[in-house]
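Peer 1:
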């Protein structure tokens, strides 16, 4: 498979190690707040808050709304079908998403493409917030922690999501069962010009997917994901220290 190579020096600004999002979680608002501060201390590009780890979230939305929001926080209430921890019903999850959008005023929100398709009112709520206030960046995401489909299927997914929802970012995450699955995901970056100004994040999970987790930023991904030390939120996820070290080393080698 031929990949379209990207020149990281001309396509990105700053060091590759700045292009990292730390995915964090907490079992309480207090723990969540502490972990946000821990993540920000590593000076990442973004911090993803996994709200699906938070029990009884409907009772905590007011507290979430009062948390500091420096502008680089990504909220996500991940679907259980796509790796989320919460097992609430689809209807309850729909209500939670609507409340999060309207009451917590997120700067960026990651919502699954499947969810946007299943709940038009959630998609419409995001669209209205984008239009009226301009303060919500949407990441339309898709996760499969079992396999990687054929490239043509994933290309259609990216193109359709970019056209239908006009998100800030389309994110496609698939599991690598063989090394070549990394190349399938990296090949999706050839679509960047077709979906502009929407950006693309595409990489594989699992131990065999580490290559694409690291190299995706050299193909034009705005960032890749890492965890706090010993607090992984996905299979094959490196911690922030290891990821920054590897990306800095990658930059030196490429020079």
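Numbering (our numbering), first residue to last: 11 to 265. Each residue gets a CB set at the ideal place from its N, CA and C atoms; glycine is no exception.
Since residue 169 and residue 204 are thought to touch, with beta carbons under 8 Å apart, how far apart are those beta carbons, to the nearest angstrom?
Peer 2: Yes, residue 169 and residue 204 are in contact; Cβ-Cβ is about 7 Å, under 8 Å.
Peer 1: Among 186, 77, 236, 91, whose alpha-carbon lies nearest the alpha-carbon of residue 40?
Peer 2: Closest option to residue 40, Cα to Cα, is 77.
Peer 1: Helix, strand or coil, according to DSSP, for residue 208 in the structure here?
Peer 2: Residue 208: coil per DSSP, three-state reduction.
Peer 1: Excluding the 5 residues preceding and the 5 following residue 131 in the sequence, name in chain order all residues of the same chain whose CB lies nearer than 8 Å to its CB.
Peer 2: Cβ neighbours of residue 131 beyond the five flanking positions: 104, 108.
Peer 1: Exposed or buried, what is residue 239 when buried is set at 16 or more other beta-carbons lying within 10 Å of its beta-carbon?
Peer 2: Exposed is the call here.
Peer 1: Which runs of the alpha helix (DSSP H) spanning at least 4 residues fall entirely within the region 115 to 173, listed in chain order?
Peer 2: List check, alpha helix (DSSP H) in window: 123 to 128, 130 to 142.
Peer 1: Give a yes or no on whether the C-beta atoms belonging to residue 178 and residue 208 are separated by under 8 Å.
Peer 2: Result yes, Cβ atoms of residue 178 and residue 208 sit closer than 8 Å.
Peer 1: If you measure between the beta carbons of residue 154 and residue 202, is that distance less than 8 Å?
Peer 2: The answer is no: Cβ separation not under 8 Å.
Peer 1: Can we say the region 158 to 167 touches the region 111 to 120, given the rule of at least three CB pairs closer than 8 Å?
Peer 2: Contact between the region 158 to 167 and the region 111 to 120 is absent, because fewer than three Cβ pairs lie under 8 Å.
Peer 1: Closest by CA to residue 172, which one among 150, 189, 156?
Peer 2: Among 150, 189, 156, the Cα nearest to that of residue 172 belongs to 150.
Peer 1: I need the DSSP call for residue 49, collapsed to helix, strand or coil.
Peer 2: Helix, per DSSP.
Peer 1: What three-state label does DSSP hand residue 19 in the structure shown?
Peer 2: At residue 19 the pLDDT is 36, less than 50, meaning the model places this residue with poor confidence; the figure from the coordinates comes in the next sentence. Looking at residue 19 - three-state DSSP - the assignment turns out to be helix.
Peer 1: Measure the C-alpha to C-alpha separation of residue 292 and residue 35 and round it to an integer number of angstroms.
Peer 2: Look at the range of the chain in this structure, 11 to 265, and you will see that residue 292 is not part of it.
Peer 1: With residue 194 as the anchor, note down where its beta strand (DSSP E) starts and where it stops.
Peer 2: Per DSSP, residue 194 belongs to no beta strand (DSSP E); it is in the alpha helix (DSSP H), 190 to 197.
Peer 1: Taking the alpha carbon of residue 230 as the reference point, which residue from 180, 254, 253 has its own alpha carbon closest?
Peer 2: The shortest Cα separation from residue 230 among 180, 254, 253 belongs to 180.
Peer 1: Taking residue 61 as the reference, give the member of 192, 221, 110 with the closest Cα.
Peer 2: Among 192, 221, 110, the Cα nearest to that of residue 61 belongs to 110.
Peer 1: Would you tell me roughly how many angstroms separate the C-alpha atoms of residue 33 and residue 80, rounded to the nearest one?
Peer 2: So the alpha carbons of these two residues sit roughly 16 Å apart.
Peer 1: Can you tell me the Cα-Cα spacing of residue 14 and residue 29, whole angstroms?
Peer 2: The predicted position of residue 14 is uncertain, since its pLDDT is 31 and thus under 50; no value can be drawn from it.
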